[in-house]
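Report on the following structure.
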Amino acid sequence: MNTHTLPQSVGSLIAGKDVTGSGHRIPVYYPATGAQISTLHEADAAEVDLAVAAARRSFDTTDWPRWSVERRQALLLAISETLLAHADELALLECYNLGISLRELRQIQMTRAAYNFRFFAEYLGQRSGEVYDQVTGYRSVVVREAVGVAALIAPWNAPTALASMKVAAALAFGNTCVLKPSEQTPLALRRFVELLHEAGLPEGVVNLVNGRGSVTGEALVAHRGVDLVSFTGGTETGRRIMTGAAQRLKPCSLELGGKSANVIFASADLDRALDAALLAIFSGNGQQCLAGSRILLEKSISEAFLARFVDRARQLRIGDPMLDSTEMGPLGSAAHRDRVLSYVKVAQEDGATLLTGGGVPQMAGDLAGGYFIEPTAVLAPSNAARVCQEEIFGPFATFLTFEGYDQAMQMANDTEFGLVSYVWSDHLPTVEAASRDLRSGVVWVNTPMTRDLRAPFGGYKNSGVGREGGAACEAFYTEVKTVTIPDRPVTLRQIGLPG
0 MNTHTLPQSV GSLIAGKDVT GSGHRIPVYY PATGAQISTL HEADAAEVDL
50 AVAAARRSFD TTDWPRWSVE RRQALLLAIS ETLLAHADEL ALLECYNLGI
100 SLRELRQIQM TRAAYNFRFF AEYLGQRSGE VYDQVTGYRS VVVREAVGVA
150 ALIAPWNAPT ALASMKVAAA LAFGNTCVLK PSEQTPLALR RFVELLHEAG
200 LPEGVVNLVN GRGSVTGEAL VAHRGVDLVS FTGGTETGRR IMTGAAQRLK
250 PCSLELGGKS ANVIFASADL DRALDAALLA IFSGNGQQCL AGSRILLEKS
300 ISEAFLARFV DRARQLRIGD PMLDSTEMGP LGSAAHRDRV LSYVKVAQED
350 GATLLTGGGV PQMAGDLAGG YFIEPTAVLA PSNAARVCQE EIFGPFATFL
400 TFEGYDQAMQ MANDTEFGLV SYVWSDHLPT VEAASRDLRS GVVWVNTPMT
450 RDLRAPFGGY KNSGVGREGG AACEAFYTEV KTVTIPDRPV TLRQIGLPG
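Be aware that the sequence shown starts at 0, since it is given in numbering that gives the first Met the number 0, and climbs by one per residue.
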């Protein structure tokens, strides 16, 4: 595939059919060169209405919500195998849209997308029911049923990996859905929905609309035919979505921003901690909500650790994301690159020391028009600096030093966010205490990012509302019904009879 074989335009996919309305046209760019590669046809409110109506019909008038576990498992497994078979194609589309390393997309993100469906197929076969017999003569059975139509709003930084989790969970429990990608990254998710149909998904169960959050997203969240909303993205957008959904009391699951602390004690294996710190901030070109962007170093090791980190950061291979040798590609858009770079000046105004990076690298050929920046690191004077408090969302590491456990925990928790935390120490009492004291939804001890889908994932504070994961997704995507049945005819007190 090359840019000549990419879809020239991307519209909606509703009930399995291409729909291209009269909405706004938005250019789609390849971040590595800055060249336009496609045009997105934005779905307006009328087009969103068609998509919701298709999902509503599939939920209300077909047997989809009542499929047997065995039948639903078979479909989810078929989808998983189909996605694996097309992993290279999806990775290439995502790379053109996003600029993340093709190798990383192929080996990690598309594999994860396929696994999400396999996981929920297996989860369905392991569920147990709830039955209560405590009240004499009665049995109460707890039943979980699909909620209805889910609005699933995916972010631009890992579209297929994160959207697939939402779609797999919604389908596993019998819901229908309308998926909205970011207007920046529509290509792979459009093909993803086509592949769901090729794997046997009934048309109308998953529908896709494209467009900006302010147009397509708002129409989708506000639609009276939508029963629940799942969103991954920025905190301010999450607030607006929750406010809009509250008008109709729609449940929301929001996975939002982060400013995650990576706490490295002197008692850590510093070689492994260094490798992990580099991965935690520069993987995915630094555009991850769970990036370890605030690196807290115990004072006694800080000088040597900083020198090694800076040396490694300067050697990162920046370049064409299509090449296996590339370790960091461009940022997702020109506007985002400029925003990330603006924090260099912000850091210096707050008294931070620029350790490395902070500029635009010289790229050759077509890459000269790409949205590249240098891997950047600063040493902040205090945790109050804006670069320690605001989510930058790029390859921008902020370092702080601490003396003692208590100061480390105070710094780590002194943020409006609480998505994940990282702790590095080979001293068991230290990691046990930190795991308890860190105010975040996930704590990774002596390891970079890893995920067991059975465990809940989500954040404290302004990092989100709700969780994703096996049981957490079941709770969100199902309604709970209690059915109480007597074990014999009930003798009732009679009222209203003649005296």
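Ideal Cβ placement from N, Cα and C applies to all residues, glycine included. All values reported here derive from a predicted model rather than from experimental measurement.
Would residue i pass as a contact of residue j if the rule is Cβ separation under 8 Å?
{"i": "V166", "j": "L186", "result": "no"}
{"i": "A157", "j": "L227", "result": "no"}
{"i": "F401", "j": "A407", "result": "yes"}
{"i": "S163", "j": "N115", "result": "yes"}
{"i": "R453", "j": "G136", "result": "no"}
{"i": "Y499", "j": "G417", "result": "This structure cannot settle anything about residue 499, because the visible part of the chain is limited to 0 through 498."}
{"i": "A423", "j": "V262", "result": "At residue 423 the sequence reads Trp, which differs from the Ala that was named. Taking 8 Å as the Cβ cut-off, W423 and V262 qualify as a contacting pair."}
{"i": "V419", "j": "S259", "result": "yes"}
{"i": "S462", "j": "G233", "result": "no"}
{"i": "V339", "j": "I372", "result": "yes"}
{"i": "G33", "j": "A333", "result": "yes"}
{"i": "A198", "j": "I78", "result": "yes"}
{"i": "L161", "j": "G465", "result": "no"}
{"i": "A218", "j": "V47", "result": "yes"}
{"i": "G15", "j": "G173", "result": "no"}
{"i": "A265", "j": "Y421", "result": "no"}
Can you tell me whether DSSP reads residue i as helix, strand or coil?
{"i": "I280", "result": "helix"}
{"i": "P26", "result": "strand"}
{"i": "Q72", "result": "helix"}
{"i": "D413", "result": "coil"}
{"i": "P485", "result": "strand"}
{"i": "N115", "result": "helix"}
{"i": "M321", "result": "coil"}
{"i": "V40", "result": "Looking at the sequence shown, residue 40 is not Val but His. In the structure shown, H40 sits in a strand (DSSP, three-state: E or B)."}
{"i": "G465", "result": "coil"}
{"i": "Q183", "result": "coil"}
{"i": "E431", "result": "helix"}
{"i": "I294", "result": "strand"}
{"i": "N206", "result": "strand"}
{"i": "W66", "result": "coil"}
{"i": "Q35", "result": "strand"}
{"i": "L92", "result": "helix"}
{"i": "T231", "result": "strand"}
Where does residue i land, buried or exposed, given buried means 16+ other C-beta within 10 angstroms?
{"i": "K179", "result": "buried"}
{"i": "P154", "result": "buried"}
{"i": "K344", "result": "exposed"}
{"i": "T490", "result": "exposed"}
{"i": "R499", "result": "For the chain, the structure presents residues 0 to 498; residue 499 sits outside this window and is missing."}
{"i": "E182", "result": "buried"}
{"i": "V130", "result": "exposed"}
{"i": "E480", "result": "It should be noted that the sequence gives Lys, not Glu, for residue 480. By the neighbour-count rule (16 or more Cβ atoms within 10 Å), K480 is not buried but exposed."}
{"i": "Q246", "result": "exposed"}
{"i": "L248", "result": "exposed"}
{"i": "Q108", "result": "buried"}
{"i": "E41", "result": "buried"}
{"i": "E235", "result": "exposed"}
{"i": "V220", "result": "buried"}
{"i": "V27", "result": "buried"}
{"i": "V441", "result": "buried"}
{"i": "T60", "result": "exposed"}
Can you give the Cα-Cα distance for residue i and residue j, rounded to whole angstroms?
{"i": "L12", "j": "D268", "result": "50 Å"}
{"i": "I317", "j": "M362", "result": "9 Å"}
{"i": "A474", "j": "V146", "result": "10 Å"}
{"i": "R24", "j": "L366", "result": "25 Å"}
{"i": "C176", "j": "H426", "result": "47 Å"}
{"i": "D132", "j": "N284", "result": "55 Å"}
{"i": "K298", "j": "E467", "result": "36 Å"}
{"i": "M410", "j": "P447", "result": "20 Å"}
{"i": "T325", "j": "V9", "result": "29 Å"}
{"i": "G356", "j": "R143", "result": "53 Å"}
{"i": "T242", "j": "S381", "result": "34 Å"}
{"i": "Q286", "j": "I484", "result": "53 Å"}
{"i": "R307", "j": "A396", "result": "14 Å"}
{"i": "A169", "j": "Y476", "result": "6 Å"}
{"i": "T352", "j": "A346", "result": "8 Å"}
{"i": "V51", "j": "V225", "result": "7 Å"}
{"i": "R239", "j": "S213", "result": "10 Å"}
{"i": "N96", "j": "T429", "result": "42 Å"}
{"i": "L496", "j": "A73", "result": "57 Å"}
{"i": "V103", "j": "V482", "result": "Residue identity differs from the one stated: residue 103 is Glu in this sequence, not Val. Spanning the two alpha carbons is a distance of roughly 48 Å."}
{"i": "D349", "j": "L378", "result": "11 Å"}
{"i": "G237", "j": "I494", "result": "53 Å"}
Round the Cβ separation of residue i and residue j to the nearest angstrom and send it over; I've been treating them as touching at under 8 Å.
{"i": "T159", "j": "L89", "result": "6 Å"}
{"i": "G393", "j": "S100", "result": "Going by Cβ atoms, the distance from G393 to S100 rounds to 15 Å, so no, they are not a contact pair."}
{"i": "G124", "j": "A31", "result": "With a Cβ gap of about 43 Å, G124 and A31 do not count as contacting."}
{"i": "C251", "j": "F230", "result": "7 Å"}
{"i": "L76", "j": "R117", "result": "6 Å"}
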